[in-house]
Amino acid sequence: MNALVVGAGPSGAQIARLLAKQGYDVELFEEHVQVGRPIACTGIVTRALFEFLPKDESYIVNELRAVRIFSPSGKTLEIPMHEYVICREKFDTWMVRRAQDAGVKLHLRHKFVEAKDNKAKFKNGERSIEKEFDILIGADGPFSAVARSAGLLEGRQYYIGSQATVKGEFEPNVFLTFFGKCAPGFFAWAVPEGKNLSRVGVASKKHVHVFFDMLREQFGGEIIERQAGPIPIYDGARSVQKGNIYLVGDAAGVVKNTTGGGIITGIWSANILAMALEKGKNYSKLLRPLRKELWLHKKIRETLDKFSDDDYERLVRYMSSERVKRILAYYPREYPSRFLWRLFIAEPRFVTFARRLW
Ligand SMILES: Cc1cc2nc3c(=O)[nH]c(=O)nc-3n(C[C@H](O)[C@H](O)[C@H](O)COP(=O)(O)OP(=O)(O)OC[C@H]3O[C@@H](n4cnc5c(N)ncnc54)[C@H](O)[C@@H]3O)c2cc1C
-12 MNALVVGAGP SGAQIARLLA KQGYDVELFE EHVQVGRPIA CTGIVTRALF
38 EFLPKDESYI VNELRAVRIF SPSGKTLEIP MHEYVICREK FDTWMVRRAQ
88 DAGVKLHLRH KFVEAKDNKA KFKNGERSIE KEFDILIGAD GPFSAVARSA
138 GLLEGRQYYI GSQATVKGEF EPNVFLTFFG KCAPGFFAWA VPEGKNLSRV
188 GVASKKHVHV FFDMLREQFG GEIIERQAGP IPIYDGARSV QKGNIYLVGD
238 AAGVVKNTTG GGIITGIWSA NILAMALEKG KNYSKLLRPL RKELWLHKKI
288 RETLDKFSDD DYERLVRYMS SERVKRILAY YPREYPSRFL WRLFIAEPRF
338 VTFARRLW
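Our numbering numbers the first residue of the sequence shown as -12 and each following residue consecutively.
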């Protein structure tokens, strides 16, 4: 059996490696000349990453020990936690190397164009190449050409993230988040790489450059790299398979609507697809545990979308109890089902926000 995987990001590298280990003949196609570039990612991950992959110092840039949340009026709340900032170029390269070690054949500068009758068409410069497949996997990111070719992309919506790495003086282990009018419908962030560099950005459904310029004024400093990219909005149980064509990661839209984080959930979806193919089970059904968590993120996001600045002030106040902070510090964001009910017990006033859902 052969499998063609399109997209050498974390989700593609993971599914390619797992299928090669199962004995598939796997080829991995990447449209760029290099793995991991260009980057459009802040690279913040919780320790849940290491439930899926071995921890390797080679891709970790910084360790974070607290998040400082700024309310719209500038009040602050600091929550201790232990998270990681990774270098996407190094991380993606590390993941693809592991896939190659498992027998995956990598093709750079191969852009997937379309699939028809179990044949996938790629462009390699001026050359057109056709490859037959038993299985085709789209791990080709938010605007997945594989999803489009299979008719699985319609109706998708996106946030647009805009970010710069800036020089300055930063607390090296504290990451900052800003809520309210500075980033309507999402939030702005500053994630330090160390004490002299920070990844400063904002995401929004529209006018993101206006909000980025506002943030930029606040932070100043020389920009050493600029990045922007789409973040899919998870919108429920959409199709992730058509016959022998499957989607994982951003291509499948499996991203947390609260934070826009999709590295871990993408790798999780790849693990689930590998299990479905190994055991001959239904991929969509096996995705349920992941979808349950993403559904909770969607509900939290829908609640936050209706927040006024006053609501954010109240939220920050309620979150400042020691019990709430301990819960938020302990449970990785990937699994809201494990901590949401605990938060409601620790701070019953959170229930008043749930009314925003109706
Ligand atoms: C500004 C910003 C900040 C973010 N910050 C975070 C964060 O801090 N933490 C987090 O967890 N997530 C973050 N994300 C989201 C995260 O980047 C994605 O969820 C993650 O990269 C998804 O991995 P993937 O492998 O599914 O897709 P991708 O990483 O997008 O990889 C897809 C690959 O497919 C290739 N490709 C695309 N089209 C084709 C084609 N036609 N043919 C061949 N190859 C193709 C691309 O070049 C790419 O290499 C952020 C996103 C943005 C935009």
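Virtual Cβ for every residue (Gly too), placed ideally from N, Cα, C.
What is the DSSP secondary structure of residue i, counted as helix, strand or coil?
| i | result |
| --- | --- |
| T63 | strand |
| I26 | coil |
| V195 | helix |
| Y221 | coil |
| T339 | helix |
| N49 | strand |
| M68 | strand |
| D121 | coil |
| Y270 | helix |
| S115 | strand |
| D12 | strand |
| S58 | coil |
| K229 | strand |
| Y318 | coil |
| V187 | strand |
| N258 | helix |
| Q21 | coil |
| R310 | helix |
At what residues does the beta strand (DSSP E) containing residue i begin and finish?
| i | result |
| --- | --- |
| Y233 | I232 to L234 |
| P179 | A175 to P179 |
| D296 | Not the beta strand (DSSP E): D296 falls in the alpha helix (DSSP H), residues D296 to M306. |
| K110 | K106 to N111 |
| K103 | K98 to K103 |
| A151 | Y145 to K154 |
Could you pull out every residue in the same chain whose Cβ sits closer than 6 Å to the Cβ of residue i, ignoring the five residues on either side in sequence?
| i | result |
| --- | --- |
| G363 | Residue numbering for the chain in the displayed model covers -12 to 345; residue 363 lies beyond these limits and cannot be assessed. |
| G30 | V72, I73 and R75 |
| D127 | V(-7), G(-6), V133 and A238 |
| K293 | R343 |
| F326 | I314 and Y318 |
| G125 | V(-7), S131, V133, A134, L234 and A238 |
| D121 | M(-12) and N(-11) |
| I116 | F109 |
| A137 | K229 and I232 |
Given residue i, which residues of its chain have a CB within under 7 Å of its CB, disregarding the five upstream and five downstream residues?
| i | result |
| --- | --- |
| P319 | T33, R34 and A35 |
| V241 | Y221, G249, T252, G253, S256, L277 and L281 |
| K98 | E18, F109 and K110 |
| N244 | I220, Y221, H284, K285 and R288 |
| S60 | E300 |
| R143 | P219 and G240 |
| S45 | K77 and W81 |
| S226 | L139 |
Which same chain residues end up closer than 8 Å to residue i when comparing Cβ atoms and leaving out the 5 residues on each side of it in sequence?
| i | result |
| --- | --- |
| M262 | K268 and L273 |
| A215 | A27, I147, G148, S149, Q150 and V195 |
| Q383 | Residue 383 cannot be examined here, being either before or after the span of the chain that is shown, -12 to 345. |
| K182 | E156, F157, E158 and P159 |
| A7 | V13, A86, A89, G90 and V91 |
Less than 8 Å between the CB atoms is what I'm expecting for residue i and residue j, so what's the real figure, rounded?
| i | j | result |
| --- | --- | --- |
| I147 | P217 | 6 Å |
| R55 | A151 | At roughly 20 Å, the Cβ-Cβ gap does not stay under 8 Å, so R55 and A151 are not in contact. |
| L(-9) | A107 | 5 Å |
| G167 | D296 | 5 Å |
| V361 | A3 | Examination of residue 361 is not possible in this model, given that the chain is present from -12 through 345 alone. |
| V91 | L40 | At roughly 16 Å, the Cβ-Cβ gap does not stay under 8 Å, so V91 and L40 are not in contact. |
| V366 | E180 | It is not possible to answer for residue 366, since the shown part of the chain is limited to -12 through 345. |
Taking 6 Å as the cut-off, is the C-beta of residue i nearer than that to any heavy atom in ligand 2?
| i | result |
| --- | --- |
| T29 | Ligands in the displayed structure: ligand 1; ligand 2 is not one of them. |
Alpha helix (DSSP H) containing residue i: first to last residue?
| i | result |
| --- | --- |
| E280 | R275 to D292 |
| D79 | R75 to D88 |
| A134 | A132 to S136 |
| F166 | F166 -> no alpha helix (DSSP H), and no H or E assigned at all. |
| A333 | P323 to A333 |
Does the structure place the region 17 to 28 close enough to the region 83 to 98 that three or more beta carbon pairs sit under 8 Å? Result yes; three or more Cβ-Cβ pairs closer than 8 Å.
Touching by the beta-carbon criterion (3+ pairs, under 8 Å), the region 188 to 205 and the region 169 to 178: Cβ pair count under 8 Å is three or more, so yes.
Segment contact flag, the region 226 to 243 with the region 185 to 197, C-beta cutoff 8 Å, min 3 pairs: Contact between the region 226 to 243 and the region 185 to 197 is absent, with fewer than three C-beta pairs closer than 8 Å.
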